[in-house]
Amino acid sequence: MVASLREGIPRLHGGEEINTGALDQRGRTLGVLRLSLTARCNLACRYCRPENRDPPTLLTHQQRLKLIGAAARLGCRRLRLTGGEPLLAPGLAPLVQAVKALDLVEDVAVTTNGVLLDRSVAQGLQQAGLDRITISLDGADPQAVLRMGGGHSFAPVLSAIGHAQAVGLPVKINMVAMAHGNGDQVIPMARLCRRLGVELRLIEYMDVGNRNGWRPEQVITAAAMTAEIGRHWPLTPVGRQHGSTARRWRYQDGGGFVSTIASISEPFCGDCNRLRVTADGMAYTCLFASRGTDLKPALDPRQPDAVLMHQLRSLWRRRQDRYSEERALQAQQTSPAPRPIPAEMAYMGG
Ligand code: SAM
Ligand code: SF4
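Residues 77 to 426 (the working numbering) are what the sequence shown spells out, left to right.
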């Protein structure tokens, strides 16, 4: 089974050299592949606004494995499967199972809105070898979630968190905070996550895509959120690991951790190690990019692995993007340069 899966997948171990040394123009290494499985979604979050249709041609299972294998050989150690909503995509659990069976990367995670994560789906993912799961939830009560575009998902998502915990999957919760949206939910969500024993990741509302009508005054900064939480439960800063998006804080009363993702107020482009690939095989080296690189020709099963390896390596070596840092600089200027229309979040995968 494993041998037949291997066909068309660059080998991690064995005769060929493993390349871990691809550096981009700013000296950054490739560490994480974020692969979107679909651009479709069953929710319509205010900050994301998915177009809710898939591109005409999606990567096949074998193409996804070929891509993950090639990224692994360029130094990528972690895989995050995302979307759109990845639980809408056929083949999620078989993909996790194959990646684990082939030992392509060290860590496989999924980001989901949780609506479809019932007990058997959670069990299937755990048995496939999934290492951890991030579930998005924007409020601690049904009305707040409804207000944020999450429909009537509060109760199912709460159950989903329970199912993931029950099957032993480590869980984190993503909450995007928007002024005039769910700014009043920071404390209730911190309380809920402390009670559930899961880490809350508070994400600053980002200017990804064009459909959400982002404005700077809608951002609640990480500093404001941690100050508010710290007034209820004193916090000790733990810091941000190299290459990580999250800055972590420990509750001094032993209530676990909370973290912030502060792409707007504290950009972390300097050690960004993420390659993003859409469900139809477009590669982006920055979440805020407007143009991607089409990997589909190289992902054609008839193409030797070396073609894909070469394309990925040269794409990474050319990379010099640092959009979040530039945004911060532009904000200080009186007439900032116009920005090309960026790709949408649900297509790019977050
Ligand atoms: N549908 C899944 C979900 O919502 O978890 C996975 C895809 S979603 C694009 C990945 C993550 O991006 C989610 O945690 C979501 O909250 C976050 N996100 C989407 N749009 C955002 C924005 N404009 N700013 C910050 N985070 C955003
Ligand atoms: Fe769907 Fe996730 Fe976008 Fe919300 S953030 S609309 S759940 S893709």
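Glycine included, each C-beta is placed from N, C-alpha and C at the ideal position.
Starting from residue i and walking both ways along the beta strand (DSSP E), at which residues does that stretch end?
{"i": "Trp325", "result": "323 to 327"}
{"i": "Leu311", "result": "311 to 316"}
{"i": "Tyr360", "result": "358 to 360"}
{"i": "Ala253", "result": "247 to 253"}
Please state whether the Cβ-Cβ distance between residue i and residue j is less than 9 Å.
{"i": "Leu163", "j": "Leu106", "result": "no"}
{"i": "His256", "j": "Asp194", "result": "no"}
{"i": "Arg350", "j": "Ser335", "result": "no"}
{"i": "Arg102", "j": "Gly346", "result": "yes"}
{"i": "Ile340", "j": "Met282", "result": "yes"}
{"i": "Val252", "j": "Met224", "result": "yes"}
{"i": "Tyr399", "j": "Gly160", "result": "no"}
{"i": "Arg287", "j": "Glu182", "result": "no"}
{"i": "Leu391", "j": "Lys142", "result": "no"}
{"i": "Val243", "j": "Ala204", "result": "no"}
{"i": "Val191", "j": "Pro218", "result": "no"}
{"i": "Arg393", "j": "Leu99", "result": "yes"}
{"i": "Gly215", "j": "Arg270", "result": "no"}
{"i": "Arg110", "j": "Arg156", "result": "yes"}
{"i": "Arg227", "j": "Leu135", "result": "Per the sequence presented here, residue 227 reads as Gly, with Arg not at that position. Not in contact: Gly227 and Leu135 (Cβ atoms no closer than 9 Å)."}
State the beta-bridge partners of residue i as determined by DSSP.
{"i": "Arg154", "result": "Val108, Asp183"}
{"i": "Arg208", "result": "Ala185"}
{"i": "Arg352", "result": "Arg110, Tyr360"}
Buried or exposed, going by whether 16 or more other CB atoms sit within 10 Å of the CB of residue i?
{"i": "Asp329", "result": "exposed"}
{"i": "Ala368", "result": "Reading off the sequence, residue 368 comes out as Gly, not Ala. Classification of Gly368: buried, given that the 10 Å Cβ count is 16 or more."}
{"i": "Pro313", "result": "exposed"}
{"i": "Ala355", "result": "buried"}
{"i": "Ile279", "result": "buried"}
{"i": "Gly315", "result": "exposed"}
{"i": "Gly91", "result": "Confidence is the limiting factor: at Gly91 the pLDDT is only 36, short of 50, which leaves the residue's position unreliable and the question unanswerable from this model."}
{"i": "Ala382", "result": "exposed"}
{"i": "Pro418", "result": "buried"}
{"i": "Gly289", "result": "exposed"}
Would you mind reading off the limits of the alpha helix (DSSP H) that contains residue i?
{"i": "Val175", "result": "168 to 177"}
{"i": "Gly428", "result": "Outside the shown range of the chain (77 to 426) lies residue 428, about which nothing can therefore be said."}
{"i": "Val233", "result": "230 to 242"}
{"i": "Met301", "result": "298 to 308"}
{"i": "Val221", "result": "218 to 223"}
{"i": "Ala147", "result": "137 to 149"}
{"i": "Tyr423", "result": "421 to 424"}
What are the start and end residues of each continuous alpha helix (DSSP H) run of 4 or more residues lying completely inside the segment 258 to 283, in chain order?
Taking only runs of at least 4 residues, the alpha helix (DSSP H) segments lying wholly in the segment 258 to 283 are 262 to 272.
Can you list, in chain order, the stretches of the alpha helix (DSSP H) that have 4 or more residues and sit fully within the segment 363 to 389?
With a minimum length of 4 residues, the continuous alpha helix (DSSP H) runs that stay inside the segment 363 to 389 are 372 to 375.
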